Each structure stands twice: as C-alpha cells, then as structure tokens.
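Quick note, the sequences are listed as chains L and V, same order. Take 31 as the starting number for the first sequence in this note's numbering and just add one per residue. Take 31 as the starting number for the second sequence in this note's numbering and just add one per residue. The C-beta atom is built at its ideal place from N, Cα and C for all residues, glycine as well. Quantities reported herein were computed from a predicted structural model and do not represent experimental measurements. Worksheet: the structure to be examined is printed underneath.
There are 2 protein chains.
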Amino acid sequence: MHREIERKFLVRKLPADLTSYPHNEISQGYLVSRDDGLQVRLRQAGQTYSLTFKRGKGKVREEREVELSPGQFDTLWPATEGKRLVKTRYEIPHGHLVVEIDVYHEKHEGLVVAEVEFDDEEGAKNFHPPDWLGDDVSGDPRYSNQLLAS
Amino acid sequence: MHREIERKFLVRKLPADLTSYPHNEISQGYLVSRDDGLQVRLRQAGQTYSLTFKRGKGKVREEREVELSPGQFDTLWPATEGKRLVKTRYEIPHGHLVVEIDVYHEKHEGLVVAEVEFDDEEGAKNFHPPDWLGDDVSGDPRYSNQLLAS
Numbered sequence: 031m032h033r034e035i036e037r038k039f040l041v042r043k044l045p046a047d048l049t050s051y052p053h054n055e056i057s058q059g060y061l062v063s064r065d066d067g068l069q070v071r072l073r074q075a076g077q078t079y080s081l082t083f084k085r086g087k088g089k090v091r092e093e094r095e096v097e098l099s100p101g102q103f104d105t106l107w108p109a110t111e112g113k114r115l116v117k118t119r120y121e122i123p124h125g126h127l128v129v130e131i132d133v134y135h136e137k138h139e140g141l142v143v144a145e146v147e148f149d150d151e152e153g154a155k156n157f158h159p160p161d162w163l164g165d166d167v168s169g170d171p172r173y174s175n176q177l178l179a180s
Numbered sequence: 031m032h033r034e035i036e037r038k039f040l041v042r043k044l045p046a047d048l049t050s051y052p053h054n055e056i057s058q059g060y061l062v063s064r065d066d067g068l069q070v071r072l073r074q075a076g077q078t079y080s081l082t083f084k085r086g087k088g089k090v091r092e093e094r095e096v097e098l099s100p101g102q103f104d105t106l107w108p109a110t111e112g113k114r115l116v117k118t119r120y121e122i123p124h125g126h127l128v129v130e131i132d133v134y135h136e137k138h139e140g141l142v143v144a145e146v147e148f149d150d151e152e153g154a155k156n157f158h159p160p161d162w163l164g165d166d167v168s169g170d171p172r173y174s175n176q177l178l179a180s
C-alpha cells in the first residue's frame with residue numbers, strides 16, 4: 031500500500047520553456063468516484079495504462095495502483111463515460127522533489143494546477159513553494175480531478 | 031460490455047453426489063460496493079484472478095470483467111479487508127443452462143444459494159426451475175453477495 035501525501039497549488043507563472051520538461055498527455059476516467067474520497071480510476075499516460083484505487087480524504091490517502099494491459103484497459107474504459115478528463119502533465123524538478131503541472135484540456139481547457147508529492151507528512155508541512163506557485167488549494171473541491179471529471 | 035441476466039433461488043434439496051460436479055473454491059472481496067448496485071469486485075477462483083465492475087440493480091446489470099495477474103490481484107486484494115466472502119461453487123448442468131450452487135463458508139457457513147444466468151430476459155422469464163430449487167430470491171438483499179461480504 032502506498033500512502034499518497036500531496037499538496038496542490040495554483041500556478042502564478044508557468045516556467046519558461048514549459049514544453050522542454052518531460053510531459054505526457056494523460057486521459058483518466060473514474061469507474062467509481064465518491065464524495066468520501068473512495069475512487070477507482072483508470073488512466074492512460076502515453077503508452078502506460080493503470081488502475082488506481084484511492085481511499086480517504088485530505089493530504090494523506092491510501093493508494094493502490096496496478097499497471098493494466100491495453101486489453102484490460104479497453105474492457106473497463108467504456109464504463110467511465112461521462113466521468114473523464116484529459117490533461118498534459120509536465121514534470122518540473124524542484125530540489126529532490128518534482129512539481130507536476132497539469133494543464134487541462136477539453137471542457138476545462140486552460141485550467142492549470144500544480145501538485146507536489148511528498149515522502150512523509152513532515153516534508154509536506156515544511157515545503158516552501160517556489161514563488162512561481164500560487165495559493166495552496168489542497169482539498170479545495172474546485173480543483174479535485176474527481177469533480178473536474180464529472 | 032456484458033449484460034448480466036440472472037435469477038437466484040434457494041435450494042430445497044442438494045443434488046446427490048454434489049461433489050461429483052465441477053466445483054471451485056471462490057474468494058471474493060469488494061473494493062467498492064454501493065447500495066445502488068455499483069460494485070468493483072475482486073475474485074480468486076482456483077488459479078484464476080479477476081476484477082469485475084458491475085452497475086445497476088435487479089435482474090439485468092452492466093458487467094465488465096478482466097482477468098488479473100496474480101501480482102495485480104495481490105496489490106489490490108488488501109483493500110477489500112472486511113468486505114470478503116468465501117464459497118464453494120458447484121456447476122450443475124440443467125438442459126442448456128447451468129445452475130450454480132454456492133455453498134458459503136466462514137461466517138455464513140452452510141448458507142446455500144443457487145444462481146442461473148440467462149442469455150436474454152425472455153429466457154430468464156420463461157425459466158421453469160427444477161423442483162429441487164426453492165423460492166426465487168432474486169433481488170432479496172439477504173442473499174446479496176455484496177451484503178454477505180459486509
């Protein structure tokens with residue numbers, strides 16, 4: 031089991047040469063997405079397919095993820111209809127951390143949100159965001175993928 | 031997508047030589063199980079592992095199933111803790127149909143329920159159960175695997 035410990039920020043100013051950083055188009059859809067944080071998510075990132083189970087709310091959540099074969103993905107994906115989103119994820123190194131910038135497409139075209147994942151809660155608490163990041167919006171439902179996909 | 035069309039019965043009288051029919055011990059657990067019929071189920075039947083997404087209520091439900099590798103199963107299975115059941119499933123041929131008899135173990139030890147799956151709703155409606163089957167309990171929550179697992 032993985033404990034997902036992350037914070038989410040608005041982006042004040044996109045890094046110069048954004049597209050020079052590693053990036054991937056991500057399509058994700060939800061088989062299940064509940065208000066209490068229980069979710070089963072399917073994701074295609076480049077040629078990688080996965081299913082992720084998450085449970086819990088807030089900064090620390092239980093997370094279990096398995097890679098899927100394209101065939102497994104194709105069988106389950108149609109059930110996510112109406113609960114999908116598409117975004118480009120850029121990975122910006124920041125010290126020993128990575129700031130992931132998600133630029134949303136389609137109905138949320140242009141929305142930009144950054145996420146930072148931490149090894150422990152101490153790291154999450156002590157993190158000093160670089161000045162190009164804006165407000166901390168961790169837990170703000172307006173920026174929850176679950177809601178953006180509905 | 032598979033439409034699952036089935037009826038569920040009590041068993042008045044077990045077939046003689048029950049263990050001479052094909053049978054398998056089945057362990058199943060729920061990642062998600064909601065009152066409205068939405069569920070994500072993990073199952074081990076013999077050496078076969080699967081994940082099944084079901085949606086809807088009543089005799090006809092949407093069902094999508096993928097086989098899992100043992101590794102995928104092992105990653106997800108711990109999240110079903112507290113929502114599991116174990117049963118032995120016997121497959122009894124009945125004309126061109128199969129009556130599946132589930133004999134439950136552990137906290138429901140001794141509970142016996144039979145299920146018949148049909149190709150279409152007409153077949154389900156016109157089915158005449160053999161006299162060794164008892165009351166039709168389709169949709170009776172007391173015999174729902176989802177509730178038996180909780």
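Rounded to whole angstroms, V/LEU44 and V/PRO159 show a C-alpha spacing of 14 Å. The beta-carbon of L/LEU72 is placed no less than 8 Å from the nearest beta-carbon of chain V. The distance from the Cβ of L/TYR79 to that of L/GLN69 is about 17 Å, inconsistent with a contact at the 8 Å cut-off. Linking L/ASP165 to L/ARG37 through their CA atoms gives a straight-line distance of about 11 Å.
Pairwise C-beta distances place the segment 106–122 of chain L in contact with the segment 50–59 of chain L, as three or more of them are shorter than 8 Å. Secondary structure of L/HIS138 (DSSP, three-state): helix. For the pair V/ALA154 and V/ILE35, the CB atoms are nearer than the 8 Å cut-off.
Using a Cβ-Cβ cut-off of 8 Å, L/THR105 is close to ARG94, GLU95 and VAL96 of chain V, given in chain order. Residues are counted here when their Cβ sits less than 9 Å from a Cβ of chain V; for the segment 56–89 of chain L these are LEU61, VAL62, ARG64, LEU68, GLN69, VAL70, LEU81, PHE83 and ARG85, given in chain order. The beta carbon of L/GLN176 sits no closer than 8 Å to any beta carbon of chain V.
Counted as a single uninterrupted DSSP element, the stretch harbouring L/LEU68 is not any alpha helix (DSSP H), since DSSP gives it neither H nor E. Annotation: V/PHE103 is outside any beta strand (DSSP E); the continuous alpha helix (DSSP H) that includes it extends over 100–106. The three-state secondary structure of V/ALA75, taken from DSSP, is strand. Beyond the five residues adjoining it in sequence on each side, V/LEU178 comes within less than 6 Å, by CB distance, of LEU115 and HIS138 in the same chain, given in chain order.
Around the beta carbon of L/GLN77, fewer than 16 other beta carbons sit within 10 angstroms, so the residue counts as exposed. Around the beta carbon of V/ASN175, a 10 Å sphere encloses 16 or more other beta carbons of the protein chains shown; the residue is thus reported as buried. The Cβ of V/PRO108 sits closer than 8 Å to at least one Cβ of chain L.
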